[in-house]
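Chains as they are written, first to last, in our numbering: chain G, 293 to 632; chain S, 293 to 632. Yeah, the Cβ is synthetic: ideal placement off N, Cα and C, and Gly gets one too. First the structure, in the form of structure tokens, and then the observations on it.
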DNA sequence: CTGAAAGCGCTTACAG
DNA sequence: CTGAAAGCGCTTACAG
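Put into structure tokens, the structure is as follows:
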């Protein structure tokens with residue numbers, strides 16, 4: 293004997309549309325839409341039937357249609373040079389927290405520190421009609437700048453300062469941080485300074501401030517060494533090159549803590565005493581710098597706060613409280629520890 | 293005398309639509325759309341006029357409209373527990389590289405290790421009609437599982453293995469990694485094992501494998517210590533608690549290198565000799581673990597490769613080459629260094 | 001409190 | 001190679 297079992301599908305087979313929900317709830321699409329966006333305007337019983345239908349059909353609104361009709365995408369976009377850097381992750385977290393409860397979905401795009409990638413990513417994101425845009429760093433590309441200015445998107449630049457933001461900027465002074473570390477070194481009797489950093493704008497700004505302060509205080513121009521990427525190994529390599537090219541160096545500022553940790557470890561490998569023979573400082577206040585011995589002197593920057601404030605500014609502009617462009621300097625703090 | 297200057301606006305004031313481009317190029321919207329999506333089907337001269345108009349008007353297609361009409365969102369979505377962890381960043385990079393040149397935009401959502409956050413984020417992302425979905429970890433939530441199965445989105449789970457993926461999974465065996473480290477310790481004569489990890493599924497799977505292997509090889513059940521979050525400080529704290537609760541411990545496996553680094557540093561602070569008094573191992577092969585002295589024994593996992601392969605699988609399914617669900621085990625490697 | 005009509009800005013057949 | 005028509009799934013006025 294053969295038993296044939298025919299199962300009724302328990303779950304719907306295709307994606308439910310607002311029309312399907314309306315049909316099941318015995319009402320119209322407009323009312324379903326209202327129940328979702330302004331429930332107070334819908335009668336409780338109707339609302340209940342709609343809720344039942346939504347649950348039964350596992351209805352998820354199509355946001356493409358919603359965006360198109362409402363001209364609100366529900367998206368906030370964030371551009372980061374790399375999500376592989378945990379300090380940027382703090383800024384992302386700040387933005388994310390600021391956006392919580394606003395109904396905006398944060399979309400993160402990583403352009404891998406490439407100028408072309410930044411342009412492409414920005415255009416791709418703009419096509420999604422974001423309601424807010426937060427970027428790490430200042431946007432220099434003139435075309436991108438005019439494009440963004442023309443659109444009515446709130447744009448907040450971070451991690452740096454500029455007199456001419458596209459819209460608003462919330463950051464700290466990178467040259468200022470460099471200068472502060474130079475002064476820190478010089479005050480402690482160091483005279484032969486060196487700088488290690490990558491080639492991005494912010495690292496270069498730190499180098500500039502560092503060199504300027506050295507000049508202002510009558511010290512020799514610092515030796516500038518470019519790192520091959522941002523890694524502990526790159527920091528080690530840069531330190532080795534400095535010792536070869538400028539053996540009299542008595543203090544090194546690394547544009548980032550990751551590099552500085554490499555410098556520190558390279559000194560330990562070579563038996564160079566820190567800070568007696570060589571002083572070292574970094575930037576970012578990474579946990580590992582605090583935990584190593586000797587602990588790393590660093591520039592503490594408001595990574596989380598920049599993101600949070602940037603998110604708030606973008607939201608304020610979006611809400612129409614247009615307070616005009618803002619330039620917010622959140623400052624930085626020199627944390628002197630054992631390495632200097 | 294008063295001079296009045298009236299400037300003609302050089303750039304368009306509002307967002308250009310496809311219709312505006314068509315008007316300026318003296319053609320129709322359909323043709324502009326075609327020039328953008330399949331240029332070969334448009335006459336070269338027409339194409340040139342359209343290109344001019346697009347540039348002049350700074351036209352960026354509205355992707356909400358495009359998605360709605362074409363039923364292709366151009367979005368690939370990725371869910372990560374936190375972008376603050378640089379090993380996950382490697383997986384993101386793998387996915388991103390696999391997607392390059394496909395026209396898919398990778399959107400990353402961070403749910404901060406919260407179950408509720410994961411559900412909400414997933415629903416929000418699904419509303420965007422992604423054409424591919426890559427998640428870190430295996431999806432356990434039954435509702436989410438049935439929802440995803442019903443939709444026709446390619447879903448790839450990563451960083452773990454399961455016999456019942458929603459769709460495909462590409463990962464490595466977390467219990468296997470735990471077991472391999474237990475064996476590594478036992479082979480080297482260690483007898484009193486301990487484990488430190490967070491409370492996420494993968495850490496628990498590693499603990500399970502670790503304990504099972506200890507049992508299988510006749511050793512005492514390992515002491516299990518939960519860390520308070522994932523940080524160097526948390527690793528230090530956990531090690532301190534182990535020393536208090538199970539002072540005879542001679543080998544500790546930390547679910548993550550960050551924790552293991554904390555353990556290592558705590559031993560150094562306390563003058564505990566590694567590996568003679570205590571052996572330590574981690575997982576993830578973070579750069580800092582390689583660079584410290586003693587260098588950290590670790591489980592190297594294919595973070596980048598998992599992402600890349602997951603991206604490829606999702607793309608293959610999307611292209612219709614439906615090879616059925618795949619379970620891809622990319623394995624892991626024990627890297628024995630000085631700490632064990 | 002509810003619904004019919006129009007439209008958001010594109011793309012997909014289809015016809016020429 | 002090009003275009004007119006219809007429609008994607010929602011929301012926004014507007015009317016009742």
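Rounded straight-line distance, which links the Cα of residue 632 of chain G to that of residue 624 of chain G: 18 Å
Sufficient close CB pairs (3 or more, under 8 Å) joining the stretch 544-561 of chain S to the stretch 523-535 of chain S: yes
CB-CB length for residue 292 of chain G against residue 514 of chain G, believed under 8 Å: Nothing can be reported for residue 292 of chain G, as the shown portion of chain G is limited to 293 through 632.
Same chain only: Cβ atoms within 8 Å of residue 441 of chain G, ignoring 5 sequence neighbours per side: 458 and 459
Three CB pairs or more closer than 8 Å across the stretch 385-401 of chain S and the stretch 330-340 of chain S: no
Cβ-based contacts, 7 Å cut-off: residues of the stretch 343-369 of chain G near chain S: 350, 352, 353, 354, 355, 356, 357, 359, 360 and 365
Residues sharing a beta bridge with residue 516 of chain S, DSSP: S:487
Proximal residues of chain G, C-beta to C-beta of residue 385 of chain S below 9 Å: 374, 375, 376, 402 and 404
Assigned exposure category for residue 318 of chain S - 16 Cβ within 10 Å defines buried: exposed
Buried or exposed by the 16-neighbour rule on C-beta atoms within 10 Å, applied to residue 362 of chain G: exposed
Within chain S, partners of residue 397 of chain G - CB distance below 7 Å: 416
Contact check, residue 465 of chain S vs residue 488 of chain S, beta carbons under 8 Å: no
8 Å Cβ cutoff met for residue 611 of chain S and residue 448 of chain S: no
Straight-line Cα distance separating residue 417 of chain S from residue 364 of chain G: 16 Å
Entirely enclosed beta strand (DSSP E) segments - the stretch 584-608 of chain G, minimum 3 residues: 589-592
is_contact[residue 449 of chain S, chain G] using C-beta, thresh 8 Å: no
Interface partners of residue 580 of chain G on chain S, CB under 8 Å: 524, 553 and 580
Boundaries of the beta strand (DSSP E) in which residue 545 of chain S is found, first to last residue: 543-546
Nearest residue (CA-CA) to residue 348 of chain G, options G:467, G:549, G:312 and G:492: G:312
Rounded C-alpha distance that separates residue 503 of chain G from residue 506 of chain S: 58 Å
Any C-beta of chain G under 8 Å from that of residue 388 of chain S: yes
8 Å Cβ cutoff met for residue 420 of chain S and residue 467 of chain S: no
Any chain S beta carbon closer than 8 Å to residue 307 of chain G: yes
Whole-Å CB distance - residue 350 of chain G paired with residue 425 of chain S, under 8 Å assumed: Wrong, their Cβ atoms sit about 16 Å apart, outside the cutoff.
Nearest candidate by alpha-carbon position, reference residue 646 of chain G, set S:570, S:545, S:567 and S:584: Nothing about residue 646 of chain G can be read from this structure; chain G reaches only from 293 to 632.
Residue closest to residue 407 of chain S, alpha-carbon to alpha-carbon, out of S:395, S:609, S:374 and S:399: S:374
Beta-carbon contacts of residue 308 of chain G that lie in its chain and below 6 Å, excluding the five residues immediately before and after: 349 and 351
Residue 435 of chain G burial status per 10 Å Cβ neighbour count (16 or more: buried): exposed
Cut-off 8 Å between Cβ atoms - residues of its own chain near residue 587 of chain S, not counting five sequence neighbours on either side: 581, 629, 630 and 631
Nearest-angstrom Cα separation, counted from residue 543 of chain G out to residue 626 of chain G: 15 Å
Chain G contact for residue 381 of chain S (CB, 8 Å cutoff): yes
Contact belief for residue 422 of chain S with residue 369 of chain S at Cβ below 8 Å, rounded distance in angstroms: 4 Å
Closer than 7 Å at the beta carbon, the chain S residues around residue 421 of chain G: 354 and 356
C-beta atoms of residue 548 of chain S and residue 573 of chain S nearer than 8 Å: no
Euclidean distance between Cα positions of residue 321 of chain S and residue 315 of chain S: 8 Å
Cβ shell of residue 300 of chain S (< 7 Å), same chain only, five flanking positions each side left out: Residue placement at residue 300 of chain S is poorly supported in this model, since its pLDDT is 37, which falls under 50; the coordinates are not used for a value here.
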